[in-house]
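Engineer: First the structure, then my questions, so here it is.
There are 4 protein chains.
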Amino acid sequence: MSESFPEIASSLVSIARDFHARGWLLGTSGNLSAVVQGEPLRLAMSPSGVDKGQLLPEQVLLIDERVQIVSDHVAKPSDESPLHICIVKERGAGAVLHTHSIWNTIMSDLHSGDGGIAIEGYEMLKGLQGVSTHVHREWLPIIENSQDMLELADRIGETLREHKAAHGLLLRRHGLYSWGSDLPQAKRHVEILEFLLETMGRTLLIGRKH
Amino acid sequence: MSESFPEIASSLVSIARDFHARGWLLGTSGNLSAVVQGEPLRLAMSPSGVDKGQLLPEQVLLIDERVQIVSDHVAKPSDESPLHICIVKERGAGAVLHTHSIWNTIMSDLHSGDGGIAIEGYEMLKGLQGVSTHVHREWLPIIENSQDMLELADRIGETLREHKAAHGLLLRRHGLYSWGSDLPQAKRHVEILEFLLETMGRTLLIGRKH
Amino acid sequence: MSESFPEIASSLVSIARDFHARGWLLGTSGNLSAVVQGEPLRLAMSPSGVDKGQLLPEQVLLIDERVQIVSDHVAKPSDESPLHICIVKERGAGAVLHTHSIWNTIMSDLHSGDGGIAIEGYEMLKGLQGVSTHVHREWLPIIENSQDMLELADRIGETLREHKAAHGLLLRRHGLYSWGSDLPQAKRHVEILEFLLETMGRTLLIGRKH
Amino acid sequence: MSESFPEIASSLVSIARDFHARGWLLGTSGNLSAVVQGEPLRLAMSPSGVDKGQLLPEQVLLIDERVQIVSDHVAKPSDESPLHICIVKERGAGAVLHTHSIWNTIMSDLHSGDGGIAIEGYEMLKGLQGVSTHVHREWLPIIENSQDMLELADRIGETLREHKAAHGLLLRRHGLYSWGSDLPQAKRHVEILEFLLETMGRTLLIGRKH
Numbered sequence: 027m028s029e030s031f032p033e034i035a036s037s038l039v040s041i042a043r044d045f046h047a048r049g050w051l052l053g054t055s056g057n058l059s060a061v062v063q064g065e066p067l068r069l070a071m072s073p074s075g076v077d078k079g080q081l082l083p084e085q086v087l088l089i090d091e092r093v094q095i096v097s098d099h100v101a102k103p104s105d106e107s108p109l110h111i112c113i114v115k116e117r118g119a120g121a122v123l124h125t126h127s128i129w130n131t132i133m134s135d136l137h138s139g140d141g142g143i144a145i146e147g148y149e150m151l152k153g154l155q156g157v158s159t160h161v162h163r164e165w166l167p168i169i170e171n172s173q174d175m176l177e178l179a180d181r182i183g184e185t186l187r188e189h190k191a192a193h194g195l196l197l198r199r200h201g202l203y204s205w206g207s208d209l210p211q212a213k214r215h216v217e218i219l220e221f222l223l224e225t226m227g228r229t230l231l232i233g234r235k236h
Numbered sequence: 027m028s029e030s031f032p033e034i035a036s037s038l039v040s041i042a043r044d045f046h047a048r049g050w051l052l053g054t055s056g057n058l059s060a061v062v063q064g065e066p067l068r069l070a071m072s073p074s075g076v077d078k079g080q081l082l083p084e085q086v087l088l089i090d091e092r093v094q095i096v097s098d099h100v101a102k103p104s105d106e107s108p109l110h111i112c113i114v115k116e117r118g119a120g121a122v123l124h125t126h127s128i129w130n131t132i133m134s135d136l137h138s139g140d141g142g143i144a145i146e147g148y149e150m151l152k153g154l155q156g157v158s159t160h161v162h163r164e165w166l167p168i169i170e171n172s173q174d175m176l177e178l179a180d181r182i183g184e185t186l187r188e189h190k191a192a193h194g195l196l197l198r199r200h201g202l203y204s205w206g207s208d209l210p211q212a213k214r215h216v217e218i219l220e221f222l223l224e225t226m227g228r229t230l231l232i233g234r235k236h
Numbered sequence: 027m028s029e030s031f032p033e034i035a036s037s038l039v040s041i042a043r044d045f046h047a048r049g050w051l052l053g054t055s056g057n058l059s060a061v062v063q064g065e066p067l068r069l070a071m072s073p074s075g076v077d078k079g080q081l082l083p084e085q086v087l088l089i090d091e092r093v094q095i096v097s098d099h100v101a102k103p104s105d106e107s108p109l110h111i112c113i114v115k116e117r118g119a120g121a122v123l124h125t126h127s128i129w130n131t132i133m134s135d136l137h138s139g140d141g142g143i144a145i146e147g148y149e150m151l152k153g154l155q156g157v158s159t160h161v162h163r164e165w166l167p168i169i170e171n172s173q174d175m176l177e178l179a180d181r182i183g184e185t186l187r188e189h190k191a192a193h194g195l196l197l198r199r200h201g202l203y204s205w206g207s208d209l210p211q212a213k214r215h216v217e218i219l220e221f222l223l224e225t226m227g228r229t230l231l232i233g234r235k236h
Numbered sequence: 027m028s029e030s031f032p033e034i035a036s037s038l039v040s041i042a043r044d045f046h047a048r049g050w051l052l053g054t055s056g057n058l059s060a061v062v063q064g065e066p067l068r069l070a071m072s073p074s075g076v077d078k079g080q081l082l083p084e085q086v087l088l089i090d091e092r093v094q095i096v097s098d099h100v101a102k103p104s105d106e107s108p109l110h111i112c113i114v115k116e117r118g119a120g121a122v123l124h125t126h127s128i129w130n131t132i133m134s135d136l137h138s139g140d141g142g143i144a145i146e147g148y149e150m151l152k153g154l155q156g157v158s159t160h161v162h163r164e165w166l167p168i169i170e171n172s173q174d175m176l177e178l179a180d181r182i183g184e185t186l187r188e189h190k191a192a193h194g195l196l197l198r199r200h201g202l203y204s205w206g207s208d209l210p211q212a213k214r215h216v217e218i219l220e221f222l223l224e225t226m227g228r229t230l231l232i233g234r235k236h
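Protein chains in written order, with the working numbering: chain A, 27 to 236; chain B, 27 to 236; chain C, 27 to 236; chain D, 27 to 236.
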């Protein structure tokens with residue numbers, strides 16, 4: 027590990043505040059995590075029910091792979107922690123970010139019947155890790171929402187195994203999950219996918235003119 | 027009371043500035059309150075006609091249940107103070123926030139014929155106090171606007187008694203009222219309802235394509 | 027005068043930066059003024075061609091009613107200074123603000139054939155000086171754009187005399203002028219009119235559904 | 027040269043952060059450059075793959091006309107450096123800015139069949155260097171996107187020679203390039219063109235009503 031827990035907590039808070047300002051984490055929604063140690067897993071995780079625009083580094087929890095708090099906190103990790111842990115394991119991700127934006131909510135609903143959204147032909151795609159041309163076709167799977175977190179984690183696991191090249195996934199009328207090898211890469215992926223979802227949504231509107 | 031008036035005034039100002047930056051309190055519109063003491067009622071209340079982006083903690087007034095200033099201020103409490111007091115009493119709320127956003131104005135007009143807006147199927151709903159699933163159906167009542175504040179307070183009282191599960195209400199072409207047990211919860215509710223109103227408004231636009 | 031030139035320059039800069047952040051003064055567009063002294067007229071005026079997001083109080087010019095600089099500056103007052111002076115004289119205004127927003131540009135074009143926009147039924151209207159009910163009908167005149175500033179000042183003068191109750195006016199595909207007895211009131215009027223233009227523009231879009 | 031490399035790097039970073047906040051440089055997209063010395067060319071250039079919201083002046087590279095780093099950095103200049111150098115040479119520009127906004131992406135796609143977008147009749151056009159009236163007709167050429175940077179630089183060169191009055195150009199589904207004699211002028215041009223593209227895009231939507 028090149029970074030310590032306090033440094034990671036600090037970066038995580040900085041992203042939380044930035045995304046809250048953009049309206050992607052309103053109403054205490056969304057959650058953020060980053061791997062502090064791989065074996066055994068130690069995951070820095072945002073607490074449940076906290077205003078992401080006012081999150082403090084000392085509020086960031088450290089949990090293990092069974093979602094038990096191993097840091098010295100009396101708090102509750104996000105309910106969606108099992109989804110983060112699932113993604114970390116399936117993808118070897120170093121960070122997982124989950125946003126609730128207006129455009130990801132709309133697009134996850136509009137395309138739910140297709141099981142996902144194909145994004146292609148945009149230069150912005152090149153910012154996704156391993157993508158080297160705008161000709162790339164990114165498939166962003168959409169999973170039906172559920173309150174059963176273990177079942178949802180199972181379905182996310184299946185989806186990730188089925189779509190090995192995906193850089194993110196949508197929960198219908200719920201939000202976007204994306205990830206990366208570390209927090210900066212995960213942040214980059216979220217910004218790119220949010221940008222592309224809004225661009226495609228607005229294009230649907232304006233495109234009808236022609 | 028766990029918090030003193032200066033602490034509450036400070037939190038109230040922080041929310042006012044944040045919401046003003048988002049465009050929800052432009053033109054000195056909107057108002058904010060929080061209970062400092064229950065019996066007899068002492069309510070921290072934003073003054074009338076002040077730029078919410080420049081509000082200072084020392085400008086926050088303390089009023090009683092007859093809207094009389096009990097703090098040492100020569101100022102005028104918001105004209106809508108009776109509406110805040112009504113909500114505090116009907117709901118046992120610890121804080122009441124009133125925003126004028128573009129989307130709450132539009133949606134309050136578009137759905138006024140229905141008497142309210144049904145919001146359901148969104149994960150964001152889970153952030154409303156007592157709601158545990160996105161399957162929840164929130165009814166956001168819409169009340170015709172009026173300049174008679176006492177009459178409006180009466181109608182708000184009736185509406186709150188009729189819709190006991192509501193977390194907010196709209197005044198037509200005017201704005202949103204929401205509340206909570208304290209300022210953070212009320213802020214959370216406003217962010218969630220504003221998010222959902224904008225999401226539903228934009229979905230109406232884009233949904234027509236299909 | 028209750029305020030000195032340095033204080034007024036400082037308030038003017040604060041508004042310039044806030045409006046630039048909102049996208050209402052991009053590309054060095056727009057201009058701001060405030061009366062420092064009435065007889066003879068001394069007007070604090072933003073200089074021409076300056077980035078409003080980086081304006082400094084010491085860059086604010088002091089001009090007389092013939093647009094001559096009376097402060098110790100080697101600079102050029104805004105080309106539209108005659109329009110500000112015209113409004114100050116016609117309305118007895120203490121401050122004049124001119125914004126270029128996306129929505130005021132669109133709405134000034136869309137309604138140019140009608141010679142203006144009627145705004146009524148919105149609670150936000152109550153923030154306009156002298157308006158006490160949302161039932162108020164505000165007429166926002168639209169004037170064809172021109173590069174002849176003296177001719178434009180003449181037409182603005184005529185329009186203001188014809189529409190004595192107007193709190194602002196639009197130049198077609200150019201921008202909004204609003205004013206007030208002082209800078210805070212002028213800022214309030216701009217925020218309200220910008221809010222209402224965007225609300226009405228978005229309502230046109232969404233309203234077609236029904 | 028009136029400014030040193032550290033001063034230029036500092037201005038470049040300030041623009042990068044501002045544009046990132048506006049959503050024009052998300053996901054490490056976009057790049058910025060400014061001429062530090064003309065003969066031989068020394069260009070301050072943003073590094074590849076860096077979060078523009080967190081760019082630091084000491085990360086700004088100095089490159090020569092063959093895209094070789096001449097400053098003391100172990101880093102990679104933006105892949106699109108040849109496009110910047112091409113524009114600097116063809117236009118004698120002192121600064122080149124490249125943004126990825128939602129509206130420039132949409133409009134570059136929508137009008138790609140026309141080979142460009144005609145912008146006329148807007149007061150905002152006057153902020154473009156050398157333009158003195160809103161009657162001006164600006165032609166913003168659109169070039170098909172490519173990953174072959176040398177070929178793309180060639181096509182940009184041809185386009186600039188063909189459209190000598192253009193203040194910017196679009197790469198289809200990729201972004202906007204604009205430039206100026208120095209960083210403030212280039213920033214002004216970007217803000218104006220972004221404003222006009224969004225205004226025209228939204229006008230297309232709303233205009234259909236009539």
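Think of the CB as a built atom: it goes at the ideal place given N, C-alpha and C, for glycine as much as any other residue.
Quick one, which of K115(B), Q85(B), L51(B) has its alpha-carbon nearest S207(B)'s?
Structural biologist: K115(B)
Engineer: Taking the alpha carbon of K152(C) as the reference point, which residue from D105(B), I113(B), G183(B), T185(B) has its own alpha carbon closest?
Structural biologist: D105(B)
Engineer: Might you give, ordered along the chain, the residues of its own chain that have their beta carbon closer than 7 Å to the beta carbon of N130(A), omitting 5 neighbours on each side?
Structural biologist: L196, G201, L202, E220, L223
Engineer: With 16 other CB atoms within 10 Å as the buried threshold, where does T159(D) fall?
Structural biologist: exposed
Engineer: With H, G and I counted as helix, E and B as strand and the rest as coil, what does DSSP make of A121(B)?
Structural biologist: strand
Engineer: What residues in the region 110 to 125 of chain D have a beta carbon less than 7 Å from any beta carbon of chain C?
Structural biologist: none
Engineer: Can you give me the C-alpha to C-alpha distance between S36(B) and L87(A), rounded to a whole angstrom?
Structural biologist: 27 Å
Engineer: Which residue spans inside the region 103 to 164 of chain A form an unbroken alpha helix (DSSP H) run of at least 4?
Structural biologist: 107 to 117, 128 to 136
Engineer: So, helix, strand or coil for L87(D), using DSSP?
Structural biologist: strand
Engineer: Return the CA-CA distance between A42(A) and H110(A), expressed in angstroms with no decimal places.
Structural biologist: 16 Å
Engineer: Indicate whether at least one CB of chain A lies closer than 7 Å to the CB of A63(D).
Structural biologist: According to the sequence shown, residue 63(D) is Gln rather than Ala. No, because no Cβ of chain A sits closer than 7 Å to the Cβ of Q63(D).
Engineer: Going along the chain, which residues of its own chain have a beta-carbon closer than 8 Å to the beta-carbon of G49(A), five neighbours each way excluded?
Structural biologist: S127, I128
Engineer: Among Y148(C), V100(C), T125(C), which one has its Cα closest to the Cα of A59(C)?
Structural biologist: In the sequence as displayed, the identity of residue 59(C) is Ser instead of Ala. Nearest of Y148(C), V100(C), T125(C) to S59(C), Cα basis: T125(C).
Engineer: Secondary structure at M27(B), three-state DSSP: helix, strand or coil?
Structural biologist: Residue placement at M27(B) cannot be trusted, given a pLDDT of 45 that sits under 50; the coordinates are not used to answer.
Engineer: If the criterion is Cβ atoms closer than 7 Å, does the pair V39(A) and L81(A) meet it?
Structural biologist: Against a cut-off of 7 Å, the Cβ pair of L81(A) and V39(A) comes out as a contact.
Engineer: In its own chain, which residues sit with a C-beta less than 7 Å from the C-beta of D180(A), not counting the 5 before and 5 after it?
Structural biologist: none
Engineer: Closest by CA to M175(A), which one among A121(B), G141(B), E149(B)?
Structural biologist: E149(B)
Engineer: Return the Cβ separation of V61(C) and A121(C) in integer angstroms, given the expectation that the two are a contact with Cβ distance under 8 Å.
Structural biologist: 7 Å
Engineer: Helix, strand or coil: which one does DSSP assign to P66(D)?
Structural biologist: Look at P66(D) here: in three-state DSSP terms it is coil, with no helix or strand label.
Engineer: Excluding five sequence neighbours on each side, which residues of the same chain lie with their C-beta closer than 8 Å to the C-beta of I168(D)?
Structural biologist: S134, H137, S138, D140, G141, G142, I143, L195, L196, L197, R198
Engineer: Return the CA-CA distance between N57(B) and I113(B), expressed in angstroms with no decimal places.
Structural biologist: Spanning the two alpha carbons is a distance of roughly 13 Å.
Engineer: Mind checking which residues open and close the beta strand (DSSP E) that includes L202(D)?
Structural biologist: Note, L202(D): beta strand (DSSP E), 201 to 206.
Engineer: In the structure shown, what three-state DSSP assignment does V93(B) receive?
Structural biologist: coil
Engineer: Helix, strand or coil for A101(D)? Go by DSSP, reduced to three states.
Structural biologist: DSSP places A101(D) in coil when its eight states are reduced to three.
Engineer: What residues of chain B sit near D90(C), judged by a beta carbon separation below 9 Å?
Structural biologist: Going along chain B, no residue has its Cβ under 9 Å from D90(C), so there is no contact; the nearest lies around 30 Å.
Engineer: To the nearest angstrom, how far is it from the Cα of K78(C) to the Cα of K102(C)?
Structural biologist: 15 Å
Engineer: Pull up the DSSP beta-bridge partners for A60(C), would you.
Structural biologist: A70(C), A121(C)
Engineer: How many Å lie between R163(B) and L154(B) at the Cα?
Structural biologist: Going from the Cα of R163(B) to the Cα of L154(B) covers about 11 Å.
Engineer: Suppose the cutoff is 6 Å on Cβ atoms and the five residues either side in sequence are ignored; what does the same chain contact list for V157(A) look like?
Structural biologist: Same-chain partners within the cutoff: L151.
Engineer: Mind pulling the chain A residues with CB within less than 9 Å of N57(D)?
Structural biologist: Going along chain A, no residue has its Cβ under 9 Å from N57(D), so there is no contact; the nearest lies around 12 Å.
Engineer: Near I89(C), what residues of its chain come up, given a Cβ to Cβ distance below 7 Å and the 5 sequence neighbours on each side ignored?
Structural biologist: L69, M71, I95, V96, P103, S107.
Engineer: Just the chain C side, please: which residues come within less than 7 Å of G147(D) by C-beta, in chain order?
Structural biologist: Chain C residues near G147(D): R199.
Engineer: Out of curiosity, what's the CA-to-CA distance linking G147(B) and S172(A)?
Structural biologist: 10 Å
Engineer: With H, G and I counted as helix, E and B as strand and the rest as coil, what does DSSP make of G194(C)?
Structural biologist: The answer is strand: DSSP assigns G194(C) an E or B state.
Engineer: Can you tell me whether L231(A) is buried or exposed? The criterion is at least 16 other CB atoms within 10 Å of its CB, across all chains shown.
Structural biologist: Answer is buried; the Cβ neighbour count reaches 16.
Engineer: Helix, strand or coil for L51(B)? Go by DSSP, reduced to three states.
Structural biologist: coil
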